[in-house]
Amino acid sequence: MLERRDPKTGQTPLMLASRHGHHEIVSILLAAGANYDSVDFEGWSSLKAASWGGHLECVRLLLEVGADADKCDVGGRSPLGAACWCGHEDIVKQLL
């Protein structure tokens, strides 16, 4: 159940929680052993989703467990690029 994927998007519970900024759920899923570097069908990782959404606490939690800040999606876009594009300066600083 922890790694169950949405059949249309390939997103896991951790990706969804990260995308929507639910940092308490992200913390619980990480503690339970969720794969923090898996990607959906577009190549988005949980870290990229949190970076795009501007969810600093989720970004911090993912970086603390070792999420790959350089992992790019299928279009070659990284979490740092997503944070820059969306104007999330606090996340840009966290990723650098």
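Residues in the sequence shown are numbered from -3 upward in steps of one, following the working numbering.
Ideal Cβ placement from N, Cα and C applies to all residues, glycine included.
- A check of alpha carbon separations from C68 across K44, L91, E60 identifies K44 as the nearest.
- In the three-state reduction of the DSSP assignment, V35 falls in the strand class, which pools E and B.
- The Cβ atoms of S23 and S34 do not sit closer than 9 angstroms to each other.
- A direct Cα-Cα distance of roughly 16 angstroms separates G29 from L12.
- Where A13 is concerned, the enclosing alpha helix (DSSP H) starts and stops at 9 to 15.
- Within the model, the alpha-carbon separation for E85 versus E(-1) is close to 31 angstroms.
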